[in-house]
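Student: Residue numbers (our numbering): 1201 to 2053.
1) Going by the DSSP bridge assignment, what does residue 1287 pair with across the sheet?
2) How close, in whole Å, do the beta carbons of residue 1797 and residue 1778 come, if the pair is a contact with beta carbons under 8 Å?
3) If you count every other CB in all the chains shown that lies within 10 Å of the CB of residue 1423, and 16 or more means buried, which is it?
4) Distance, Cα to Cα, residue 1861 vs residue 1868?
5) Along the chain, where does the beta strand (DSSP E) containing residue 1584 start, and where does it finish?
6) DSSP state of residue 1278, grouped into three classes?
7) DSSP three-state label for residue 2018, please.
8) In angstroms with no decimal places, state the Cα-to-Cα distance between residue 1499 and residue 1309.
9) Between the C-alpha atoms of residue 1996 and residue 1264, what's the straight-line distance to the nearest angstrom?
10) Quick one: give me the first and last residue of the beta strand (DSSP E) that residue 1800 is part of.
11) With a Cβ-Cβ cutoff of 7 Å, do residue 1714 and residue 1882 count as a contact?
12) Just to check my reading of the structure: residue 1747 and residue 1757 have Cβ atoms closer than 8 Å, yes? What is that Cβ distance to the nearest angstrom?
13) If you run the structure through DSSP and keep just helix, strand and coil, what is residue 1977?
14) Tell me which same chain residues have a C-beta within less than 8 Å of the C-beta of residue 1372, skipping the five on either side of it?
15) Could you check where the alpha helix (DSSP H) with residue 1841 kicks off and where it finishes?
16) At what residues does the beta strand (DSSP E) containing residue 1341 begin and finish?
17) For residue 1472, count the other beta carbons within 10 Å of its own beta carbon; 16 or more makes it buried, fewer makes it exposed. Which is it?
18) On the three-state DSSP scale, how would you describe residue 1703?
19) Output the boundary residues of the alpha helix (DSSP H) element that contains residue 1544.
20) Quick one: give me the first and last residue of the beta strand (DSSP E) that residue 1475 is part of.
21) Closer than 8 Å is the cut-off here; do at least three beta carbon pairs connect the segment 1329-1344 with the segment 1561-1576?
22) Determine, using beta carbons only, whether residue 1433 and residue 1494 come nearer to each other than 7 Å.
23) For a quick check, are the C-beta atoms of residue 1239 and residue 1221 less than 7 Å apart?
24) Only counting runs of 4 or more residues, tell me where the alpha helix (DSSP H) segments fall wholly within the segment 1238-1273, in order along the chain.
25) Is residue 1543 closer than 7 Å to residue 1469 when the C-beta atoms are compared?
26) Under the three-state reduction of DSSP, which class applies to residue 1372: helix, strand or coil?
27) Whose C-alpha, out of 1576, 1557 and 1572, is nearest the C-alpha of residue 2072?
28) Can residue 1667 and residue 1691 be called in contact, C-beta distance under 7 Å?
29) For residue 1872, which of helix, strand or coil comes out of DSSP?
30) For residue 1595 and residue 1418, I'd like the C-alpha separation in whole angstroms.
31) So, is residue 1502 buried or exposed, given that buried needs 16 or more other C-beta atoms within 10 angstroms?
32) Using alpha carbons as the reference points, say which of 1321, 1680 and 1570 lies closest to residue 1552.
33) In the structure shown, what three-state DSSP assignment does residue 1745 receive?
34) Residue 1795 by DSSP, collapsed to three states: which one?
35) With a 10 Å radius around its C-beta and 16 neighbouring C-beta atoms as the bar for buried, classify residue 1234 as buried or exposed.
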């Protein structure tokens, strides 16, 4: 859908205006909050020729994709997106390979209280000290105005409150037990790092319980790291008495207490009044800087830009660490944002006071407040979702079980770092227990049982590494909690499949038609009895196909009417449809904008089903075959996949490798290598289209480059747009969040790039992001063709003889796993797809008893 732009009122600007560029910028700030708007500022060289202070800003401003070639020749545009108060600059240019729309970070107009009606929202900060009155106002407003919306958000209803064992009493200066009198507490989320950290142990715990034990000047006080010491001071500043900190409120060498607390960690944070988030720094000694009388001064390099007639803009602060000149951690993965445990803590905190580089900010279920910005009734609401959780926490607001929402949280979590890899399940267990209230049957090692067959076909965008137990692991090696079949057994960017037989997608071109086996799980390879995994998606798919069955509660069914352009073979509008066009589509009352091809059961969110035991071995009877991997590679920007072939070198399928070492294994061998494959589901794919056997030998496989776009689809286009894509396959509505984004399209020679789609504004933190490619616009496909003279409509195929052309490239396939055996147990090496014709020709006649570990 084309971006609709409101016209900016420039009627008051004439030759007598002090600076026309600045006047245009101010006119843009005056536009209504709910509209998109742009204003053309002229050629960069002319803007720079002015003696106005804005020239220095435009000269030195940084763009998303780095220095702009021949900057002075570019046309400069200022933009403001709907539901935002900031503006940003943008220029477009072409290279020989792409057309680029590059933007700056957003800039806010500084408030001038002395001027009635001034629209400025930004305020100039004290570079060293936080205004505590602002923080107290945030806390008070949330408690008094938001009330139950923040105290008991929907995702927490019906969950048994977790009770921490111990709290720090800042009045008595010691550890006290949790009770009805102490239930109002704050929590601290931080990273321990490599610094010494006072930890509660059985040896000293009685001493820690004595009043005054943690008071300044006492023995233990000197052992408390700066971040915890500052958190105690902030608790007092906010008028509260109790604080929960993991190192002091969990007895670290009491295994029973430790297990109980880790199991309930997510709810300990969820039930705290407020979570203080220590994002800045790399360890517990960095502190919560900027609170006068409590902590060290901060360093807040606020970017201030002068304009004409005393107007000023502010930019976002410098990147992480640059203000404090903090060295990078010696070991990657030590920062707050990289840690798996803190990911869960941040997600479940219902109110957050965030100390990051630069200004502090507040985030709760109803609002997002920034120290450098005045409150704005509507903009505050749009800031309620923290940028860190734009995608990862979407599952908290949905009731419809689906793998795309689950991908959001899994992909984010699985890139985080764990000191002990065997902690992956405990670190995810809080999220998993909450997901159990959405997905019928719950999850087993991060895989929903309802979609289990489909979920086993997960893939990686970049290379992933196999998780192995640390030297600290003392348990049974065969029960290390790191199954190869689960994404939990691998560290990196992992995605569940998008199933076009269930709902629409922007990038992936495959679907799941039927299971091929029944799965069971057990604690060890020989355990009996085995528990059946209740994968039910196919039952609901079958019952919905006729459209005559009883509708599930909350679902609506409507006849699906294909869009007109579908019959016109529009080459720029790829139909993301099932193999057989359904008669009906379904919507749920909780989110009627999302459309599905079959309904699934919706659980009651205020009930918590019993969790299934997590057992890491799988069993099934399935088919298998032995095929070959040759030297043919599928080249792509993110990684390379390999061809599966028969002995003659004919294309049989594609294998999505997890590791570079496997890629080297196949390319280094002079002969194709034989691999064992097992079937996990049946479906269809467009990945393998257009590869006749005579042209598909292992010398090359460039005809499979569509695999590249598909495997990276979750990382490039991804998910916000997909939810806004209609069931007709229309282009997505632009998101109104303020996430930075640029665009790049295939183009010709160097020169201006008119008509490039403006897809979003740029956050300074996103500088250096990858360019996102888009197909040519085709917004008005229902209009009549205008001929073959290069005008609109020339890309439409005049052949209207085959209205089901969307089926032509959909080839039946089996979704498979490449496995290796060790002592009677098979271990996943990669996932892939094999053409059904090849699978059924070469598979073994007898099924194999598969035990997956």
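Backbone N, C-alpha and C fix where the C-beta goes; we use that ideal spot for every residue, glycine too.
Tutor: This is what the structure gives:
1) 1307
2) 6 Å
3) exposed
4) Taking the straight line joining both Cα atoms gives about 10 Å.
5) Unbroken run through residue 1584: none, as it is neither H nor E.
6) strand
7) strand
8) 22 Å
9) Per-residue confidence for residue 1996 stands at a pLDDT of 38, beneath the threshold of 50, marking its modelled position as unreliable; the derived number appears in the next sentence. Using only the alpha carbons, I get a separation of about 35 Å.
10) Element bounds for residue 1800: n/a, residue is neither H nor E.
11) yes
12) 6 Å
13) Low confidence applies to residue 1977: its pLDDT is 33, below 50, so where it sits in the model is not reliable, and the reading given next is rough at best. The answer is coil: DSSP assigns residue 1977 none of H, G, I, E or B.
14) 1411 and 1412
15) No alpha helix (DSSP H) holds residue 1841; the beta strand (DSSP E) holding it covers 1841-1845.
16) That residue, residue 1341, is in no beta strand (DSSP E); its alpha helix (DSSP H) goes 1332-1341.
17) buried
18) It is a strand residue.
19) 1540-1548
20) Membership of residue 1475 in the beta strand (DSSP E) is indicated by the continuous run 1474-1478.
21) yes
22) yes
23) no
24) Whole alpha helix (DSSP H) segments, 4+ residues: 1244-1249 and 1254-1260.
25) no
26) coil
27) The structure shown does not extend to residue 2072, since the chain is modelled only from 1201 through 2053, so no value can be given for it.
28) yes
29) coil
30) 46 Å
31) buried
32) Comparing alpha-carbon positions, the option among 1321, 1680 and 1570 lying closest to residue 1552 turns out to be 1570.
33) helix
34) strand
35) Under the 10 Å beta carbon count, residue 1234 is surrounded by fewer than 16 other beta carbons and is classified as exposed.
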